[in-house]
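FYI, the numbering used here numbers position 382 of the sequence shown as 426, with every residue one higher than the one before it. Each residue gets a CB set at the ideal place from its N, CA and C atoms; glycine is no exception. Here the structure is a predicted model, which means the values were calculated and not measured. Only one structure is covered here, and it is reproduced in the block below.
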Amino acid sequence: MLWQRAWCAKEQHELNTHLGVLLQGDCFELDLSKWREQAQCIYLDPLSITGKTYRYRNRLEEGTVKINVYRDYSLKQLPEYLDYLRRLFTLAKDLLKDTGSLFIHADFHSALYVRQIADEVMGANKLVNDIIWHYQQTGQTKVHFPRRHDIIFYYGKGDKRYFRLSNVPSGKKRENPNHMRRRVDEKGRSYREIVSGGKRYVYYDDAPIYPDDVWDDIARQPQKDQRMTGYPGERPVALCERMLLSTTRPGDLFIDLSCGSGASLLAAAHNNRRFVGIDSSPIAFMCSRKRLQSFSLLAQADLSDMPVLVDCNSLPGIGYYDVELISYLLPKEETAGLGRMDGCKAVDQWCAGLLRGDTFHVFASAKRDEQTQSIERSLKVPLLKGTVAIMIIDILGNRTFWTASPLVY
């Protein structure tokens, strides 16, 4: 078969799990009207006001990919920053159900401005908690106290906000004072008790502990952790799960308007919540899509016009097409300093399926193993109606689409 570059409007992963949506684009420009007043929980991790540029980093065998992915506003842009926050929070409020919850992540640079605008948009009386996420990290400084916490502002939209603290036990061990008497009940459960003010208080050793508004039991992941994507500002999945599980039920809709590495979407997918993830960065789309590969997904993103060379083969078998990716070559100037990029070394992930109309139906996927730097080169596509096609996303975030056509002699 001959392979040629092609176009599709969206890709649909044909898996028997619940459906999520991943969109690359500006959340202010995309048509999100179908989700108006549908979200039970929204998580926002907006830009800050440091003026810094942040890079995606991905270590390869002989080099490291470094790509600028976003830039914070600076203090000189304060009016523009406040307008950005106002538009973002207004959009989030419009997407929330009356029973819904909004979590806004802020650092010490942005917290004052975030609180100011969020109170304006949501209503100061709708602030439920300002949560302190306290984490440990290496490194010391002599010019100020070490900065080891972020603030997460938690707002409700309506008066019938859904919340279940019992869904999120912290996993901490109960610390009972030594002066409390230890006993064992008739079922063999150990407990401690104290009498105060004429009342008897019993504390079972195995009773769950629930978090308050200081979260110090969720660690930041070290940069060398294999679970890290290399996307800047990546949040732990456990942090996202605590917000999600306390404010949603299975099947509820969760939205992240700047999903970055996809940690919050992965938390939603693992816990049977529908999700919509949006980000303007093709690198964010690449990272999120890779993490969500085992879930049913409707994805829309820009196709790259990068001049790449692809060698692929597709052979019909018994009930399946055997699709083999032989090589994918980027222009040499794009991979300078990254070592040899022959074969499929430049491929981060790829999938095979069938093009029907303007939709690419994905039946099989593969992603690069971060430890071995290898990727599965052979995928199977069922012999069904449609044109055999593949989608490739390379290590630089370029997304290209290819269709096969029979050789004519």
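With a 10 Å radius around its C-beta and 16 neighbouring C-beta atoms as the bar for buried, classify E368 as buried or exposed.
-> exposed
D142 - DSSP class collapsed to helix/strand/coil | In the three-state reduction of the DSSP assignment, D142 falls in the strand class.
Simplified DSSP assignment, three categories, for Q415 | coil
For T444: DSSP bridge partner residues | I436
Does DSSP put I370 in a helix, a strand or coil?
-> strand
Sequence-distant residues of the same chain with beta carbon closer than 6 Å to A448, five excluded per side = M45, W47, S358 and V432
Would you kindly report the start and end of the unbroken alpha helix (DSSP H) that includes Q160?
-> A155 to M166
State the Cα-Cα distance for the pair V187 and C331, rounded to the nearest angstrom.
-> For V187 and C331, the distance between alpha carbons rounds to 36 Å.
Contact check, I148 vs Y117, beta carbons under 8 Å = It is not a contact, given that the beta carbons lie outside the stated cut-off.
Which parts of the segment 312-353 are runs of the alpha helix (DSSP H), unbroken and 4 residues or longer, counting only runs that do not cross its ends?
-> 326-335
My understanding is that L288 touches C85, with C-beta atoms under 8 Å, so please give their C-beta distance in whole angstroms.
-> 6 Å
Please work out which residues of its chain come closer than 7 Å, Cβ to Cβ, to A311, disregarding the five sequence neighbours upstream and downstream, and give them in chain order.
-> V281, C284, E285 and L288
Hey, S340 and L67: beta-carbon distance below 8 Å or not?
-> no
Of the residues P360, P351 and G401, the one placed nearest R443, counting alpha carbons only | P351
Let me know if G95 comes out buried or exposed under the rule of 16 or more other beta-carbons within 10 Å of its beta-carbon.
-> Around the beta-carbon of G95, fewer than 16 other beta-carbon atoms lie within 10 Å, marking it exposed.
Could you check the C-alpha separation between R99 and Y245 for me, to the nearest Å?
-> Roughly 53 Å separates the two Cα atoms.
Contact between the segment 188-204 and the segment 166-174 (3+ Cβ pairs under 8 Å) | Output reads yes: the segment 166-174 touches the segment 188-204.
Alpha-carbon spacing of H57 relative to K231, whole angstroms | 50 Å
Range covered by the beta strand (DSSP E) that runs through S290 = Premise fails: S290 lies in the alpha helix (DSSP H), V281 to T291, not in any beta strand (DSSP E).
Counting along the chain, where does the beta strand (DSSP E) carrying W394 start and finish?
-> V391 to R400
The beta strand (DSSP E) enclosing P426, as first and last residue numbers = P426 -> beta strand (DSSP E) spans S422 to P426.
Closer than 8 Å by C-beta to Y254: which residues in its own chain qualify, once you throw out the five before and the five after it? Chain order, please.
-> L209, S210, V212, P213 and S214
Note down the Cα distance separating P294 from R318, rounded to an integer number of angstroms.
-> 8 Å
So what does C85 bridge to, in DSSP terms?
-> Bridge partners of C85 according to DSSP: S145 and F298.
Report the residue ranges of all beta strand (DSSP E) runs contained in full by the segment 190-255; include only those spanning at least 3 residues, in chain order.
-> 193-200, 225-228, 234-240 and 243-248
F133 (DSSP reduced to helix, strand or coil) = helix
What is the residue span of the beta strand (DSSP E) that V172 lies within?
-> L171 to H178
Roughly how many angstroms lie between the CA atoms of Y114 and Y248, to the nearest whole one?
-> Cα to Cα, Y114 sits roughly 49 Å from Y248.
Taking 8 Å as the cut-off, decide whether the C-beta atoms of Y372 and L427 are in contact.
-> no
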